[in-house]
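Worksheet for the structure shown next.
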Amino acid sequence: AAMFILAYTFIFLMCMVGNILVCFIVVKNRQMRTVTNMFILNLAISDLLVGIFCMPTTLVDNLITGWPFDNAMCKMSGLVQGMSVSASVFTLVAIAVERFRCIVHPFRQKLTLRKALVTIAIIWVLALLIMCPAAITLTVTREEHHFMVDTYNNSYPLYSCWEAWPETGMRRIYTTVLFSHIYVAPLALIVIMYACIAFKLFKSTAPARGREEPEGRRVSQRKAKVINMLIIVALFFTLSWLPLWTLMLLTDYGRLSEGQLRLVTVYVFPFAHWLAFFNSSANPIIYGY
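Everything in the sequence shown is counted per UniProt numbering, starting at 1 for the first residue and increasing by one.
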């Protein structure tokens, strides 16, 4: 318990400080209100929501037994958590597309600030739509064969907040839809866009060799740093979310026994959630600075 609290406190503070600083800098300075910075601001806002709504509730869920709140809070918490995570991922894709347009196709029509704001609005609408089924099915139910017992040996009913799908197959389909739209498709787009950018930068280093040697070397070093940063971004997104999605698919498709499911839920899921949330804490460092 102490380890969980320390780990989640660390990423929570990191998320709050980093993303609030990004929001303050972009909002305070008019010169910072560019298309790319609008996307970074939206990323910071969505990551702040992840920190506020996802990290504390996940920590509490891992530390205590049962759902302590009412049905409305169950639905609202699940909806806001899902929307903030989805908006964060979709914004990462928007940043990748904007960088692709600016570097690979620099002479095409630039994205205006107005269009960027429309894109941000679409991101949140899509995030709401994709999480609506979860909000509808989330409900608080009483566990029939489990009870909570206090220090005086008094027993109390145990409640849980979970997605009550009419059929198991429907839950599996929805998990697959989320996996494809919030992980596979965004990851594919990010990798493709950044691979094209890296290839463009790598090709453009050739003319620099004809210049004076020190200047050409500096240009090559700057471009190499950008390429390395793009690789880190793609790898970081992949590795931070892969364990959580693997566990979600495993619990839906793996036909685990009750003992195996409890083992995964108690010991593995908390680490996978922490790693995924760490992505929102590190995004201000990767994108904002």
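We put the beta carbon where it would ideally sit given N, CA and C, even for glycine.
{"Query": "Straight-line gap, Ala208 to Ile227 (C-alpha atoms, nearest Å)", "Result": "Residue placement at Ala208 cannot be trusted, given a pLDDT of 49 that sits under 50; what the coordinates show is reported in the next sentence. Taking the straight line joining both Cα atoms gives about 16 Å."}
{"Query": "Option in Thr119, Asn71, Ile120 with minimal Cα separation from Tyr159", "Result": "Asn71"}
{"Query": "From Phe90, Asp61, Val89, residue whose alpha carbon lies closest to that of Ser77", "Result": "Asp61"}
{"Query": "Span separating the alpha-carbon of Ile52 from that of Leu59", "Result": "12 Å"}
{"Query": "Unbroken stretches of the alpha helix (DSSP H), 4 residues or longer, contained in the segment 15–98", "Result": "35–49, 55–63"}
{"Query": "The alpha helix (DSSP H) enclosing Lys203, as first and last residue numbers", "Result": "185–203"}
{"Query": "Cα-Cα separation, Lys28 to Ile20", "Result": "12 Å"}
{"Query": "Neighbourhood of Leu249 by C-beta distance below 7 Å, restricted to the same chain and skipping five residues each side", "Result": "Thr175, Phe179"}
{"Query": "Where Met170 falls, given that 16 or more other Cβ within 10 Å makes a residue buried", "Result": "exposed"}
{"Query": "Local conformation of Ala208 per DSSP, three classes", "Result": "Below a pLDDT of 50, predicted positions are generally treated as unreliable, and Ala208, at 49, falls in that range; the measurement from the model is reported next regardless. Ala208: helix per DSSP, three-state reduction."}
{"Query": "Per-residue DSSP class, three states only, for Ser160", "Result": "strand"}
{"Query": "Reference Trp124; option with closest CA among Ala135, Ile190, Val85", "Result": "Val85"}
{"Query": "At least 3 beta-carbon pairs within less than 8 Å: the segment 108–124 vs the segment 132–142", "Result": "no"}
{"Query": "Backbone CA spacing between His105 and Lys200 [nearest angstrom]", "Result": "10 Å"}
{"Query": "Unbroken alpha helix (DSSP H) run spanning Asn115, endpoints", "Result": "For the sequence presented, residue 115 should be read as Lys rather than Asn. Where Lys115 is concerned, the enclosing alpha helix (DSSP H) stretches over 113–137."}
{"Query": "Where Arg171 sits in the DSSP three-state scheme", "Result": "helix"}
{"Query": "Per-residue DSSP class, three states only, for Arg262", "Result": "helix"}
{"Query": "Pro68 versus Glu163, Thr9, Arg142, residue with shortest Cα-Cα distance", "Result": "Arg142"}
{"Query": "Reduced DSSP secondary structure (H/G/I, E/B, other) of Arg255", "Result": "coil"}
{"Query": "As assigned by DSSP and simplified to three states, the class of Arg108", "Result": "coil"}
{"Query": "Own chain, CB closer than 7 Å to Phe278, minus 5 neighbours either side, in chain order", "Result": "Ile11, Ser240"}
{"Query": "Residue environment, Gly259, which counts as buried when at least 16 other CB atoms sit within 10 Å", "Result": "exposed"}
{"Query": "Range of the contiguous alpha helix (DSSP H) that encloses Ala282", "Result": "269–283"}
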